[in-house]
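Residue numbers are given in this note's numbering: position 66 of the sequence shown equals residue 67, and the series is strictly consecutive.
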Amino acid sequence: MDAFAVVRNCVLPLDLYYKVEDHIWARVVEDREVILGYTDVAQTTAGGMLHVTFRPINRFYARGKVVAVVESSKWLGALRTPVAGTLVAVNPAVQKDAGLINRSPYRRGWLVRLRPENLERDLADLLTGEEAVRAYEALMEEKGLDDCVHCEGYEMP
Numbered sequence: 002m003d004a005f006a007v008v009r010n011c012v013l014p015l016d017l018y019y020k021v022e023d024h025i026w027a028r029v030v031e032d033r034e035v036i037l038g039y040t041d042v043a044q045t046t047a048g049g050m051l052h053v054t055f056r057p058i059n060r061f062y063a064r065g066k067v068v069a070v071v072e073s074s075k076w077l078g079a080l081r082t083p084v085a086g087t088l089v090a091v092n093p094a095v096q097k098d099a100g101l102i103n104r105s106p107y108r109r110g111w112l113v114r115l116r117p118e119n120l121e122r123d124l125a126d127l128l129t130g131e132e133a134v135r136a137y138e139a140l141m142e143e144k145g146l147d148d149c150v151h152c153e154g155y156e157m158p
């Protein structure tokens with residue numbers, strides 16, 4: 002198990018990069034590709050995930066462009082990529098069972114995989130480690146966000 006922090010019962014793996022205000026995490030994997038998903042805070046705030054629609058693969062998406070649309074019992078939102086690049090894969094498991102985002106936000110509930118255009122530039126705009134933890138603590142306090150709630154079968158990172 003990787004190292005993680007807990008902020009108001011919300012799990013935050015320390016090895017990921019975060020766009021805190023959008024509740025998105027990014028993981029750099031082999032071949033320097035990037036996997037994106039929603040954080041524990043996002044899955045709690047949104048409630049039970051119902052459906053995911055992905056944008057076409059093998060296309061380039063600039064930072065801030067929509068690569069997926071997620072519908073929950075309380076929310077309809079766009080996953081906007083914090084990393085510019087070519088969308089090379091989507092997670093077919095969440096198309097079949099969007100609840101994986103709630104049960105396994107950092108493992109099986111990942112959403113998309115991109116081949117970045119300029120990884121170093123984009124990672125410089127994201128937070129990681131203790132810096133991300135402090136930012137989440139401040140954001141949750143400022144917005145009055147409740148503690149994270151984990152559904153039955155929740156998988157720790």
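Think of the CB as a built atom: it goes at the ideal place given N, C-alpha and C, for glycine as much as any other residue.
Distance CB(residue i)-CB(residue j) smaller than 7 Å
i	j	result
aspartate 32	valine 12	no
isoleucine 102	tyrosine 39	yes
alanine 47	serine 73	yes
leucine 37	leucine 128	no
Under the three-state DSSP convention, the category residue i falls into
i	result
lysine 97	helix
glycine 130	helix
glutamate 121	helix
alanine 85	coil
valine 150	coil
alanine 69	strand
alanine 139	helix
arginine 104	helix
DSSP bridge partner residues for residue i (one or two, in chain order)
i	result
alanine 6	Leu13
tyrosine 19	Trp26 and Leu128
tyrosine 39	Ile25
Whole-angstrom C-beta distance between residue j and residue i, which should lie under 8 Å
i	j	result
valine 91	arginine 116	No, valine 91 and arginine 116 are not in contact; Cβ-Cβ is about 13 Å, not under 8 Å.
arginine 114	glutamate 22	Going by Cβ atoms, the distance from arginine 114 to glutamate 22 rounds to 23 Å, so no, they are not a contact pair.
arginine 28	cysteine 149	So it is not a contact: roughly 19 Å between Cβ atoms.
Burial state of residue i, where buried means 16 or more other Cβ atoms lie within 10 Å
i	result
arginine 108	exposed
valine 7	exposed
valine 71	buried
lysine 75	exposed
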